Amino acid sequence: MKKFFFIIILINLLIKPYNAFADINETIVIGGDNYFPPFEYVDENGVYKGFNVDIMRAIAIEMGIDVELKPMPWFQVILALNEKKIDAIQGMKYSKIRNYIYDFSEPYIVTSQAIFVHIDNKCIVDLQDLYGKKVAVQKNDIALDMLKNIQNIDIIETENQENALDRLLKGKVDAYVGNKLTGLYIIQKKGYAKNIKIVGEEINPQKYCFAVNKGDKKILEIFNEGLHRIKKNGTYDKIYKKWFGEMVYPTYRYIRKIICISIAVFLVLILFMLLFYRWNYILKKEVEKRTQQIREKSVFMEQIINSIFSGLITINKEGVILSANIKALLYLDCSKEALVNKYFYETKIKEYFHQDDFYEVLKTGEEKINIEKELNIKGKKRIFEYNVYPIINTKKEICSITLTFKDVTNEKIMQEKIIMKDKLESLGRLVAGIAHEIRNPLTAIKTYIQLIPYKYNNPDFRQKISEDVPTEIERLDSIIANLLEYAKPKKPNKELINVKDTIDSILRIFEKHIEDKGIKLYVDIKENVFINTDKQHFKQIIINLLLNSIQALENRKNAVIEIYAKNGDLFSEIFIKDNGCGISKEDMKRIFEPFFTTKNKGSGLGLALCYQLIKENGGDVFIDSEIGEGTEIKISLPKAFLFTQKN
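Numbered per mature numbering (1 follows the signal peptide of the UniProt record, and there is no 0), the sequence shown spans residues -22 to -1, 1 to 625.
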């Protein structure tokens, strides 16, 4: 029986806290902002949610009371509480001014304000920088109290924080001041992160509380008790984690920080002691380790250097040979001792290579590439090809050179055989071309001679033979002259040539012919373009190429020839471009062969002769062509350098 009464008393004690508020039978009407995420807002489906909403509902369940949550614009929430249309506000930031008007509960979170500006802003970093600026603020927000102290500020009040951020994004205001968490939430949700940023430190971190009219202590007691219970049973932590992530307790964080610092200091002390007592031992081991690594790398690099195909020698600035690989020793037919640590001019190197190249690279830092030297080694002709490169140290100074070389005798022999093969093939085509070109005028002359006995008394025949036979003979003479020029052109007599003057003199001869063909000619050559070339050769090259372009433009509408020239570093470049029929890729391979032609009446010697003359004068020629689009020919000839009398 005693046990029964004890249980009854225990039950009464347990339910006593709940009965303390049993006299609250009416529904408590609580107002909140309709758009203040993540604290409280109405979503797109019309559902009222947020951190504050979940806290109020959890307290209502815990305390066994009925609450009605009314979302509305913030300024209407303030007005409704003042007019007692609602009993409380579920979330209001505490301030001294507000404390005169309202009673506040225990805080359930700490919030702060922040300054939001456009991403390109460079001048606003704190509240004082808002002087003379347009600033958006939510109506009746606590930020208004802070901004009142700043003079000459144009405050634009908005219904909610989203409207304020929209105004900032559109450039209607210079800044927005409001709740930091809410602002970040809206920026993330609306995708404004690339356009809006937060500047300065957090502003006015304050307690966020449940607010009622002054003197309404009963509702505050309910809220404070409910808040205490949901914190105790873990509900508060779950709600916080849902909306803001993991809870971080300041006390725990502080203790953990102290522990981490203590452990770090302790470890540093231990490490210092270990270093103090074992420094010599560790240093010795490290030196041995590094020495072994260097030795392994050295062996590895030596194996790589010895495995390359060419000979490799390094020489320092004083001319002392620092290293030589196995291939170099084989080529020079000497031992390593006879080379390394010796001056190069005391070794076989002085016989195999030009010493001046070494000195020049050491002095100027300009590399020497593909230099050849012919030697007589044991009665046999050998050809060596070598390169000399500078080695630059970290101070950008030339400290040594590398010499790489190889025996290219067999390669040269093979090249000569290939050239001979090509010459024989070209000779075959040359003979066939000569036979074909000479046969036509000879046939015409033969026909006239055979007709002389029968038509000698015919005056028209005599007139015809007197005109045609000399023409055919001149044609034969021209073919033979061009052939001789190609086979053995005269040695070029190089002189200073003004490219513009020379080409202008040629164009004066062709001007009428080009005009009659309906070809537009564009010439752009500067006065300062000079070359060092045989003048007659240069004229012959330009004439042949110009005639080729004119022939390529036969029956072509909107025919155009462009001639222009420019100076390079060592060569001057002359371009002849037309929009004629073009050359196929197959024909491009044989374009410079004698007697190769794609024209019905061509001899095939023009381009071959041009190529020969350009090469004789130390130049080069390049052709870029496409069928139906036209052809561009670039001639590179040695540039003539003009010097003053003083220089």
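Ideal Cβ positions, reconstructed from N, Cα and C, are used throughout, including at glycine. Note that the structure is a prediction, hence the values are computed from the model and not measured.
- Nearest Cα to F29 within the set I416, I37, L105: I37.
- Contact between the stretch 532 to 544 and the stretch 554 to 570 is present: three or more C-beta pairs spanning the two stretches fall below 8 angstroms.
- Ranked by Cα distance from I93, the options L159, E46, N526, G608 are led by L159.
- For S240, the secondary structure class from DSSP, reduced to helix, strand or coil, is helix.
- Under the three-state reduction of DSSP, P448 is assigned to helix.
- Residue N294 holds the alpha-carbon nearest to the alpha-carbon of N371 among L353, S444, N294.
- Around the beta carbon of W52, a 10 Å sphere encloses 16 or more other beta carbons of the protein chains shown; the residue is thus reported as buried.
- Between the stretch 496 to 503 and the stretch 598 to 614, the count of C-beta pairs closer than 8 angstroms stays below three; the two stretches do not touch.
- Selection E350, I552, G110 evaluated against K390 yields E350 as nearest (Cα-Cα).
- Between the stretch 347 to 365 and the stretch 379 to 390 there are three or more inter-stretch CB-CB distances shorter than 8 angstroms, so the stretches are counted as touching.
- According to the DSSP assignment, G204 belongs to the alpha helix (DSSP H) that extends over 195 to 210.
- For D547, the closest of V507, F516, K517 by C-alpha to C-alpha distance is V507.
- From the listed residues Y367, F188, I120, the smallest Cα separation to K74 is found for I120.
- Note that the C-beta distance between L615 and T511 is below 8 angstroms.
- Going by C-alpha positions, K326 is about 25 angstroms away from M279.
- Excluding five sequence positions before and after V31, the CB atoms of its chain that fall closer than 8 angstroms to its own CB belong to G10, E18, L47, Q68, given in chain order.
- Inter-segment contact for the stretch 125 to 135 and the stretch 206 to 213 is absent: fewer than three beta-carbon pairs are separated by less than 8 angstroms.
- Distance check between K209 and each of Y255, N60, E84 places E84 closest, using alpha-carbon atoms only.
- As the crow flies, the alpha-carbon of D194 is around 15 angstroms from that of A58.
- G178 is positioned such that its CB atom lies closer than 8 angstroms to that of D104.
- Collapsing the DSSP output to three states places N294 in a strand.
- As the crow flies, the alpha-carbon of I497 is around 26 angstroms from that of H515.
- By DSSP's assignment, A543 forms a beta bridge with I503, I552.
- Contact check for F600 and K617: beta-carbon distance about 17 angstroms, past the 8 angstroms limit, so the pair fails to qualify.
- Within the same chain, Cβ atoms closer than 6 angstroms to the Cβ of Y72 are found at F82, Q184, K185, C187, the five residues on either side in sequence being excluded.
- When secondary structure is reduced to three states using DSSP, K433 falls in the helix class.
- Between the alpha carbons of L247 and I241 lies a distance of about 10 angstroms.
- Distances from the CA of N319 to each of I304, V45, R568, E296 were compared; the closest alpha carbon is that of E296.
- Counting only the Cα atoms, E137 lies some 25 angstroms from N99.
- Sequence-distant partners of E352 (beyond 5 residues in either direction) whose C-beta falls short of 7 angstroms from its own C-beta, in its chain, are K359, I361.
- Following the DSSP letters along the chain, one finds F82 inside the beta strand (DSSP E) bounded by residues 80 to 82.
- In this structure, the beta-carbon distance from Q139 to Q116 falls below 8 angstroms.
- Going by C-alpha positions, Y589 is about 42 angstroms away from S378.
- Boundaries cannot be given for R534, as no beta strand (DSSP E) includes it and DSSP labels it neither H nor E.
- For G204 against M41, the beta-carbon gap comes to about 5 angstroms, under 8 angstroms, which counts as contact.
- DSSP, reduced to helix, strand and coil, places K495 outside both helices and strands of the structure shown, so it counts as coil.
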